[in-house]
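What follows is one structure encoded as structure tokens, with my remarks underneath.
Numbering (the working numbering), first residue to last: 918 to 1767.
Below is the structure:
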């Protein structure tokens, strides 16, 4: 921001000594010019700072007078003190140490990722040497660059190798590897050049170079039409059939030899040449990673086809094929009809091509593994599984092996999803030892889950040592704070705090706005847990976060006689129970969101459901028990578990609907209520959460978020606290705020001081007298009078400008008392429907209207 203000010649206005000189009684032109320039520079600097902050920060700095005050406030808010900067540096260094190079990543991408973190550390004022980056790259580089690393280590001292020298050497090896691979790339059109040359050498003599117009029968251009062997009027002297000559008929005997010769070609050539050399079934689609667009030669497959779209497609030998249209093709999968859009119609190819790149752009996932190619939709559901044949993947919708995909979902996969994508071996263990009620028989073979493949990653574990364990409830409680999450929850939550009882491994989770709420939440949890378990909390173990080392938290522990144990700084493994639970919790949360394609704003609901499920799943520490059973003393019931994020229909009570209204509304299942035996349902059409017991679930279906409307969120019976999102605004947003900042008087005294509101009140009194609204009478005995008040509103035009100021004199209806005078006064307002009905009756009966 400092660089931007300096480039805009506004940085001078930020200094504390900057002043706008006042004008004298008779100022000169130079003084006026200087005054205006410095005043404008101050205003521009304030406007730029206002535009760079969120609405929350804007309301806190809008009253500050000088630019220097605004800058000091923002500096304190965003940069923080030395302690905050130190914490940020430690988090960045931790992130730096966790970086590893990916298989699909280039040297430049990996180095840019490391340097991005390093530059953030340096911006916070901490020195970070290049030699440390060199050591990091040496340790984390992929094995394929081992030769370059060994060469550098043998040629010179490692400590003297510069970062630029290391990166240049690695990038040089990377380029050499790419150059060697260019000649051996297996793509859709790599063999077409050689194939075309062979065909031309067989069909064209070296002396015949004459060209003719394309033949209408065989589409060739090396002979005149009258000499074509495929003329429909020519008869074969060998077989007596019309449509070809004897020479071609004799060549049919040699087709077996030609086919055998082609089978001797490498497999990668056969896969591609078949696009041009053979006529495949219209239902067969080759899955091609080198093709940029879906293509088909069969016009009948198109559901919609726009023939006005014409272009050319370049193939491997540099030639071009004509594109005769573009449209949408319908493909039937086991999850329903799939529409493949933007498919090119290329009549000159003889094979349908399915582009991997275009599938990825549309949100599909393509996974090649174990001689199989799996295509899944955006929700992770399998659409097709294609077996590899001849080093290629051909999707044939009519083959019997493809029909095997259309089978019903197995119990193993259904309960894998219901129980939060937990390990299949644990579910088998639960069934074998009868650790839960309602769990059916499951297949021994674990199901293939796409969501788990994408959302669960592991690294080397920390060495485990046998540690002391609590022997009773609340003897030792582990706790940790997670967050902040980049995406706020439904109500804006960014943090959560977890408590784990060491003896039973029971887990509880709470959501909060700020970390400063930890002490209050801990005190509430302590009171609840001690009351439920009839045991006193003795020890609580946490990290060294400021939320746990605060004076308020320590005071709570001292007053309750609780020992507070802290882990060694930067050794989270000492509190491994809660650290491992956090990892399991977030893995399950990501799987729940990924499975049904839910937005990240549902992370708090998914985390709450994950804790609910983890408490009902066994752990290695407990012998044939779940944490739920260890805490409550009885087995959990699993009959009512449902798949998180699935579609459902919630029953609408009759008191909330008319007789002709619908009796159910569609929603999304987002968890289980913690205060009643019911389900939590999110209603996307109303953007609110309800708690309902009578729900019909469609566990295989999910909500489509493509046309989701942005409504104000509401919640019924919800208990999630939240925090607003920090963001930035443009100058136009600030100007619009200023335009709509219309102040309306709340009392008569404020309105009486403004002439325009006085005129509005006089106009209202004139209308009251004209319409004879009131009648002056004596007040009945033993009755009380109801007062009146003024209500002021500013009426606007469609463009936002002020139309007029409206004042209304209304009765204080809220002063009426039920049973005394509640029903004696009313507002005689007629509905337009009633007025229309009376006008229609008057017209029909010939009545006079007064």
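Virtual Cβ for every residue (Gly too), placed ideally from N, Cα, C.
In this text, all values refer to a predicted model and were calculated from it rather than measured experimentally.
Using the DSSP secondary-structure output, state which residues sit across from residue i in a beta bridge.
i	result
residue 1414	1398 and 1427
residue 1599	1585 and 1606
residue 1459	1483
residue 1505	Residue 1505 is not bridged to any residue.
residue 1309	1306
residue 1712	1721
residue 1211	1260
residue 1567	1582 and 1612
residue 1707	1726
residue 1445	DSSP, once it has assigned bridges, lists no residue as partnering residue 1445.
residue 1554	1354
residue 1336	DSSP lists no partner for residue 1336.
residue 1219	1246
residue 1152	1159
residue 1204	1271
Excluding five sequence neighbours on each side, which residues of the same chain lie with their C-beta closer than 6 Å to the C-beta of residue i?
i	result
residue 1629	Residue placement at residue 1629 is poorly supported in this model, since its pLDDT is 47, which falls under 50; the coordinates still yield a value, given next. Cβ neighbours of residue 1629 beyond the five flanking positions: none.
residue 1442	1416
residue 1002	1041
residue 1588	1522, 1525, 1526 and 1597
residue 1449	none
residue 1057	1017 and 1018
residue 1610	1595
residue 1500	none
residue 1558	1335
residue 1303	1290, 1310 and 1312
residue 1159	1152
So residue i and residue j are in contact, right, with Cβ under 8 Å, and what is the actual spacing, rounded?
i	j	result
residue 1565	residue 1608	Not confirmed; about 13 Å, so no contact.
residue 1454	residue 1494	16 Å between Cβ atoms; not a contact.
residue 1529	residue 1562	Actually they do not touch by this definition, with Cβ atoms about 14 Å apart.
residue 1759	residue 1752	No, residue 1759 and residue 1752 are not in contact; Cβ-Cβ is about 11 Å, not under 8 Å.
residue 1031	residue 1051	With a Cβ gap of about 10 Å, residue 1031 and residue 1051 do not count as contacting.
residue 1344	residue 1359	6 Å
residue 1243	residue 1223	6 Å
residue 1534	residue 1543	6 Å
residue 1246	residue 1282	Not really, about 20 Å apart at Cβ, beyond 8 Å.
residue 1459	residue 1397	7 Å
residue 1269	residue 1203	7 Å
residue 1424	residue 1532	6 Å
residue 1539	residue 1422	6 Å
residue 1479	residue 1456	7 Å
Sorted by chain position, which residues of the same chain lie with C-beta nearer than 8 Å to residue i's C-beta, five sequence neighbours on each side aside?
i	result
residue 1694	none
residue 1007	1487
residue 1754	none
residue 925	961 and 965
residue 1079	1047 and 1051
residue 1813	Because the chain is modelled from 918 through 1767, residue 1813 falls outside the range shown and cannot be assessed.
residue 1034	1009, 1012, 1013 and 1016
residue 984	930, 931, 935, 959, 962, 963 and 966
residue 1116	Because the pLDDT at residue 1116 is just 45, under 50, the model does not fix this residue reliably, and the point stays unresolved.
residue 1229	1237, 1238, 1239 and 1240
residue 1662	1668, 1671, 1674 and 1709
For residue i, would you say it is in contact with chain C, using Cβ-to-Cβ distances shorter than 9 Å as the test?
i	result
residue 1705	The question asks about chain C, but that chain is absent: this structure has only one protein chain.
Please list, in chain order, all residues of the same chain as residue i whose beta carbon is under 7 Å from its beta carbon, the five residues on each side excluded.
i	result
residue 1133	1142
residue 1369	1338 and 1508
residue 1334	1512 and 1560
residue 1773	Past the boundaries of the shown model lies residue 1773; the chain is included only from 918 to 1767, so the question cannot be answered.
residue 1147	1134, 1135, 1160 and 1161
residue 1288	1304 and 1305
residue 1481	1457, 1471 and 1474
At a cut of 8 Å, does the segment 1035-1044 reach the segment 999-1017 through at least three beta carbon pairs? yes
Inter-stretch contact at 8 Å, needing at least 3 Cβ pairs: the segment 1398-1405 / the segment 1516-1535: yes
Counting beta carbon pairs with one atom in the segment 929-947 and one in the segment 967-974, are three or more of them shorter than 8 Å? no
Counting pairs of Cβ atoms below 8 Å between the segment 1197-1217 and the segment 1261-1271, do you hit three or more? yes
I'd like the ranges of any alpha helix (DSSP H) spanning at least 4 consecutive residues and lying wholly in the segment 1224-1307. 1273-1278
Please determine if the segment 1673-1687 and the segment 1709-1728 are in contact, where contact requires at least 3 C-beta pairs separated by less than 8 Å. yes
Count Cβ pairs between the segment 1422-1435 and the segment 1460-1479 that sit closer than 8 Å; are there 3 or more? yes
Taking only runs of the alpha helix (DSSP H) that begin and end inside the segment 947-994, which ones reach a length of at least 4 residues, in chain order? 972-978 and 984-991
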